[in-house]
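There are 2 protein chains.
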Amino acid sequence: MIEIERKFLVTAETFKQEAIKQIRIVQGFLSTDPERTVRIRIKGATGFITVKGKSDDEGLSRFEWEKEITVEEADTLLQKCLPGVIDKIRYEVPMGKFVFEVDEFFGDNEGLVVAEVELESKDEEYPKPAWLGAEVTGDIKYYNSQLSSNPYNNW
Amino acid sequence: MIEIERKFLVTAETFKQEAIKQIRIVQGFLSTDPERTVRIRIKGATGFITVKGKSDDEGLSRFEWEKEITVEEADTLLQKCLPGVIDKIRYEVPMGKFVFEVDEFFGDNEGLVVAEVELESKDEEYPKPAWLGAEVTGDIKYYNSQLSSNPYNNW
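See the structure below:
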């Protein structure tokens, strides 16, 4: 299956009224080399270490390996990460058969809120709630690895 | 989590007569940043992912976090590593209550043999067998991550 995601800015807090779930995510990077990114993440009560490769030429598939670790381990590893830890709350906002994942950032990315929705094809129709703003799909400055080194409040 | 280790050059092959165990180690690096090295290792029938920090000012203690993974996972991750895979045999050489880990390198590091001993405190006395040469504790060019990008045969 080919996964296609579109990413948007979020222009109003009203999405929170429609959220069914929210979870705190804190993450940092041991390496931001696009060929071998190494991410440390705490998501709720679980830790993860994740290695990602570069996207293929079409941008459709990307190597990913992930291992669950304890929050304590992740905490220790976050202290070794490159400067610029990402701190955000991820909201799940269902809309019919779709689920928007909305990330509200804190710290140096405070003020930034982005939503992602996964589609089955490039031209599939998707809901456009009132809080959905400009599309930023493919804009690398919104990649989390980039927000880490060049946060929103520096733009 | 913090190791106290001293590292030495090895000046004679006689250590092999005292070795009780030897194991082949193949390893690569996802990051060679000395502050946050990420190593993938296959040691015998086991895989590992390891994060190491930089030594403290005296070069004696160094942050280390390690997780066991399968050889298959390690194999996949080795393919994502930076060029310059390290290939060595590690000998375990017991000396009283201490164990020297002696690494004999191959490939681009052929000719290099180093020994490490783990101590309980920075000033603990340790054995000095005849084959133990100059101390190189804290010298980053002997870090395996550095031997990967700048191997011994290039020095």
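Going down the list, the protein sequences come from chains Z and H.
UniProt numbering applies: residue 1 is where the first sequence begins, and numbers increase by one.
UniProt numbering applies: residue 1 is where the second sequence begins, and numbers increase by one.
Using N, Cα and C, we set each Cβ at its ideal position, and we do this for glycine too.
As assigned by DSSP and simplified to three states, the class of residue i
i                      : result
residue 93 of chain H  : strand
residue 60 of chain Z  : Reliability of the predicted coordinates at residue 60 of chain Z is poor, the pLDDT of 48 falling under 50, and no value is obtained from them.
residue 121 of chain H : coil
residue 22 of chain Z  : strand
residue 139 of chain Z : coil
residue 11 of chain H  : coil
residue 153 of chain Z : helix
residue 71 of chain H  : helix
residue 80 of chain Z  : coil
residue 103 of chain Z : strand
residue 147 of chain Z : helix
residue 108 of chain H : helix
residue 16 of chain Z  : helix
residue 44 of chain Z  : coil
residue 85 of chain Z  : coil
residue 1 of chain Z   : Here residue 1 of chain Z scores only 43 on pLDDT, less than 50, and its place in the model is too uncertain to base an answer on.
residue 116 of chain H : strand
residue 6 of chain H   : strand
residue 128 of chain Z : coil
residue 36 of chain H  : coil
Given residue i as reference, the closest of the options once Cα atoms are compared
i                      : options                    : result
residue 69 of chain Z  : Z/39, Z/120, Z/84 and Z/24 : Z/39
residue 152 of chain H : H/134, H/107 and H/33      : H/107
residue 150 of chain Z : Z/86, Z/76 and Z/135       : Z/86
residue 114 of chain Z : Z/126, Z/24 and Z/131      : Z/131
residue 9 of chain H   : H/141, H/25 and H/145      : H/141
residue 95 of chain H  : H/128, H/73, H/71 and H/72 : H/128
residue 155 of chain Z : Z/33, Z/109 and Z/32       : Z/109
residue 124 of chain Z : Z/139, Z/73 and Z/97       : Z/97
residue 25 of chain Z  : Z/143, Z/46 and Z/33       : Z/46
residue 35 of chain H  : H/63, H/16, H/17 and H/12  : H/63
Within 8 Å, strictly: CB atoms of residue i and residue j
i                      : j                      : result
residue 122 of chain H : residue 4 of chain H   : yes
residue 23 of chain Z  : residue 44 of chain Z  : yes
residue 136 of chain H : residue 126 of chain H : no
residue 78 of chain H  : residue 148 of chain H : no
residue 55 of chain H  : residue 138 of chain H : yes
residue 190 of chain H : residue 65 of chain Z  : Outside the displayed span of chain H (1 to 155) sits residue 190 of chain H, for which this structure offers no information.
residue 67 of chain Z  : residue 67 of chain H  : yes
Own chain partners of residue i with C-beta closer than 6 Å, once the 5 adjacent residues on each side are dropped
i                      : result
residue 105 of chain Z : 88 and 112
residue 41 of chain Z  : 27 and 48
residue 99 of chain Z  : 92
residue 84 of chain H  : 148 and 149
residue 73 of chain Z  : 47
residue 51 of chain H  : 38 and 65
residue 6 of chain H   : 117 and 137
8 Å Cβ shell around residue i - same chain, five flanking residues per side excluded
i                      : result
residue 19 of chain H  : 91, 92, 93 and 102
residue 71 of chain H  : 42, 45, 46 and 47
residue 133 of chain H : 8, 9, 10 and 11
residue 120 of chain H : 4
residue 21 of chain H  : 91 and 92
Residue i Cβ short of 7 Å to the ligand NAD heavy atom set
i                      : result
residue 144 of chain Z : In terms of ligand content, the structure shown is empty, and the ligand NAD therefore cannot be addressed.
Sequence-distant residues of the same chain with beta carbon closer than 7 Å to residue i, five excluded per side
i                      : result
residue 145 of chain Z : 29, 32 and 37
residue 16 of chain Z  : 91
residue 143 of chain Z : none
Problem set entry | Interface residues of the UniProt domain "CYTH" (1-149) of chain Z facing chain H [CB-CB below 8 Å] | Those would be 30, 31, 33, 35, 36, 38, 49, 51, 53, 63, 65, 67, 69, 73, 76, 77, 80, 81 and 82, in chain order.
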